[in-house]
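Everything below concerns the one structure shown next.
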Amino acid sequence: MFEAYLIHLLILVVIYIILSISLQLSMGFTGLFNFGHIAFYCIGAYVSALLALNGYPFIICILAAGIIAAVFGLFLAFPTKKLKGDYLALATLGFSFVVYAVALNWVELTRGPLGLPGIPKPEILGFVFSDNLYFLILAGVIAIISYLVIKWIVSSPFGIVLESVRDDELASKTLGKNSFKAKAYALALSAFFAGIAGSLYASYITFIDPSSFTLLQLIPVLAIIIIGGLASLEGTIIAAIIIVLLPEPLRFIGFPSSVVGPARQIIYALLLLIILLFRPKGIKGKVELE
Amino acid sequence: MKKIILVFALVLVSLLLFGCTEQPKKIKVGALLPLTGSAASYGDTWEKALSIALDDFEADTNVSAEILFEDTQLRPELTVSAAQKLISLNKVTSIITGADTLVFLPITENNNVLVFTTASNPDITLKHKYVFRINPSDSEQGVDMARRIFELDFSSTAVMAFEGEYGRGLSSVFINEFSKKGKIVFSEYFSDTESDFRSILAKVKNSVADSLFVIALDNQYPAILRQMKEMDLNIKVFASETIHSDSVLTDSNGLADGINFFYYPQTDSNIRKDFETKYYTKYNSSPGPFADSIYDAGLLALYSDYFSDGNYLKAIDYLHSLTNWEGASGKLTFDSNGDPIGKYFQLYIISKDKFVLGDSNV
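Keeping their order, the protein sequence lines are chains A and B.
Quick note on this note's numbering: the first sequence kicks off at 1 and runs consecutively.
Quick note on this note's numbering: the second sequence kicks off at 291 and runs consecutively.
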């Protein structure tokens, strides 16, 4: 029975890995302070859940989740075209609030705070991934594909353009690179994988409501990419494992349950502080957090 | 770096192994409660009520039992992780909860674990197996409330409710029913952490509503009432059951007097008196909202395990065999869905800082 709990935790780790490495693409590799990532995750989850509840096959659901999230990512790139740093962070944060408000108030579509229950488990070619071990394998395969695609993107000439935009946008423009196009694509690709993660989350938990996509959910994801190190996919994977698993032993130490919740937040904060003080580039980061 | 990862792995594995140590067999029941976060005031009183239920069960049966508490913060992913941990590692036979029930029901269903809840979403028992609800669902509450308010000659009402499964669910049933005969002037929603209600109250003041139906968390009512007084807003207020909390009376300094609300009939049985006395003796305060229902849920979870020797099918048979089982929240009989039969809501009034059955002063 212990395996069931471990498998559950590993599924969460895998979902967080996809969510975090996709944020690395826009934040770590392109230098965009993208606080709207949780909104793409939310869009992916809702798109996938609504399609699945209407009988669409899982493959369609997950692809649609990614594509529609990517469209929103591209859409977000236009109004934020001239924004940088803190201003971009605020604008993308605003986008998160808008998406949250829509999920909460468009009751006819999302059922608002009542949430969408009974989301079917993934089914591919007649095989239903109802067993958590099989779901872990499926999620793991999707995570590996996501990692390889993102790795390929950042290693390609396009990836080098992204890094040049991050390090010196003016110089990049001087060399004839279209920095807006690069940033817009990075945001869309990042949103695509966040949507995929959202789809996996919805089909695993089988219930979503807007409270699953608040800023509180963004905190561990940001902690993962800062601790893992900006522009490092491997560091992000290590950090995702640490951040998701580290608070779990707190449940067994014997603290009162009312202490465990806040302790979880304290752990994130402490880890972040330690990393920022003693290892500003994170575990395997290439860029220092400015 | 390798050292950091090694130390982390060692700490994690040793703590998880510690958690898995074989322990003597005893009855184990889980409780998923919002012990921190916006609904922590409910979680606190529910934890205390369950602790009394455990004491009573152990004293009655001489059997050692344990209730394992997990904090959900009303966050779905934490609730799911906690439920998974309770079932997989602690091997609980049932889970008690008062909120966020829908999110973990697929896990309990798959693992044949019973759930005892005070949550009121109709889907909980309609769409899931092995769930036993202590209080009536929103579909009954909302309809009863709407009909009763209309009977009292209030024909146009404004509705303000907090965003959440409970607030949205109850308000939508209420609005549907009230609209059949009366008029809903408007409905507004606010966050469960909101403390400034002036804009909604200003809208009420400028409307033609002859009554206001409020669904808020217990810690929000005093702020709503204070702000109504500041704005000189005099309108008949009806409230949901969540106002039934001593903290509302204490913090609103008499402003709650005259408010009507809906609550299930309070029995004057010895079991209830005994529960209230024990609660007061142990914690030096009165039981909070739904603490009596959670106490009943705790007892039912423990006794169903005790009489069935942990077999879920026998436990279900035992629960369905109960007729007018006397608990602190009233008499309980479950229908085939696990909903309570014959437990209905009545109109109460707050009078001189007390909750009084009846609709006088309306």
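No residue lacks a Cβ here, since even glycine has one placed at the ideal position from N, Cα and C.
Approximately 7 Å separates the beta-carbon atoms of Ala223 of chain A and Leu271 of chain A; this is inside 8 Å, confirming the contact.
For Trp336 of chain B, the enclosing alpha helix (DSSP H) covers residues Ala330 to Thr351. Taking 4 residues as the minimum length, the alpha helix (DSSP H) runs contained wholly in the stretch 161 to 207 of chain A are 169 to 174 and 179 to 205, in order along the chain. In this structure Phe193 of chain A is buried. Its beta-carbon is surrounded by 16 or more other beta-carbon atoms within 10 angstroms. From the listed residues B:Gly333, B:Lys495, B:Leu368 and B:Leu325, the smallest Cα separation to Ile205 of chain A is found for B:Leu368. Chain order gives the chain A residues near Lys417 of chain B as Pro117 and Gly118, where near means a beta carbon separation below 9 Å. A Cβ-Cβ distance of about 11 Å is found for the pair Glu356 of chain B and Lys381 of chain B, leaving them out of contact under the 8 Å criterion. The three-state reading of DSSP puts Pro57 of chain A in coil, since its state is none of H, G, I, E or B. In terms of beta-carbon proximity, Ala4 of chain A lines the interface with chain B, with at least one pair separated by less than 8 Å. It is roughly 11 Å from the alpha-carbon of Tyr100 of chain A to the alpha-carbon of Thr110 of chain A. For Pro396 of chain B, the chain A residues whose Cβ falls inside 7 Å of its Cβ are Thr206, in order along the chain. Bridge partners of Met450 of chain B according to DSSP: B:Glu478 and B:Val504. The residues Ile561, Arg562, Phe565, Asp582, Tyr585 and Asp586, in chain order, have a CB closer than 7 Å to that of Ala618 of chain B in the same chain once the five nearest residues on each side in sequence are set aside.
Of the residues assessed, Asn401 of chain B falls on the buried side of the cut-off, its CB having 16 or more other CB atoms within 10 angstroms. With respect to chain B, the C-beta atom of Gly176 of chain A has no partner C-beta closer than 8 Å. Distances from the CA of Leu19 of chain A to each of A:Thr30, A:Gly36 and A:Leu6 were compared; the closest alpha carbon is that of A:Gly36. In this structure Gly126 of chain A is exposed. Its beta-carbon is surrounded by fewer than 16 other beta-carbon atoms within 10 angstroms. Selection B:Ser598, B:Ile639 and B:Ser354 evaluated against Ile549 of chain B yields B:Ile639 as nearest (Cα-Cα).
With distances taken between CA atoms, Asp629 of chain B lies nearest to B:Ala409 out of B:Ala409, B:Gln363 and B:Tyr332. Counting C-beta pairs with one atom in each stretch, the stretch 74 to 91 of chain A and the stretch 45 to 54 of chain A have fewer than three that are closer than 8 Å, which means they do not touch.
Across the structure, Val463 of chain B and Val527 of chain B are spaced so that their CA atoms are roughly 18 Å apart.
Counting the other Cβ atoms within 10 Å of the Cβ of Pro157 of chain A gives fewer than 16, which makes it exposed. Closest by C-alpha distance to Val13 of chain A, out of B:Gly472, B:Phe452, B:Ser371 and B:Leu603, is B:Ser371. Considering only A:Leu63, A:Leu245, A:Ser179 and A:Phe207, the residue with the shortest C-alpha distance to Ile119 of chain A is A:Phe207.
Not one beta carbon of chain A lies nearer than 8 Å to the beta carbon of Pro555 of chain B.
Excluding the 5 residues flanking it on each side, Leu325 of chain B has same chain C-beta neighbours closer than 6 Å at Gly333 and Asp361, in chain order.
Counting along the chain, no beta strand (DSSP E) covers Thr398 of chain B; the unbroken alpha helix (DSSP H) around it starts and ends at Leu395 to Asn400.
Taking the beta carbon of Leu104 of chain A as reference, the chain B residues within 7 Å of it are Glu453, listed in sequence order. In this model, Ala184 of chain A and Pro79 of chain A are separated by some 11 Å (Cα to Cα). With respect to Leu507 of chain B, Ala329 of chain B sits close: the two C-beta atoms are nearer than 8 Å.
Put simply, the stretch 498 to 515 of chain B touches the stretch 470 to 489 of chain B. At least three CB pairs are less than 8 Å apart.
A distance below 7 Å between beta-carbons, with the five flanking residues on each side excluded, links Ile196 of chain A to the following residues of its chain, in chain order: Ile18, Gly44, Ile62, Ala65, Gly66, Ile142 and Ser146. Look at the beta carbons and you see the stretch 447 to 465 of chain B touching the stretch 495 to 503 of chain B: at least three pairs across the two are nearer than 8 Å. The beta carbon of Asn411 of chain B sits closer than 8 Å to some beta carbon of chain A.
For the stretch 342 to 368 of chain B, the set of positions with a beta-carbon nearer than 9 Å to some beta-carbon of chain A reads Leu358, Phe359, Glu360, Asp361, Thr362, Gln363, Leu364, Arg365, Pro366, Glu367 and Leu368 in chain order. B:Thr387 is the residue among B:Asp541, B:Thr387 and B:Leu603 whose C-alpha sits nearest the C-alpha of Thr335 of chain B.
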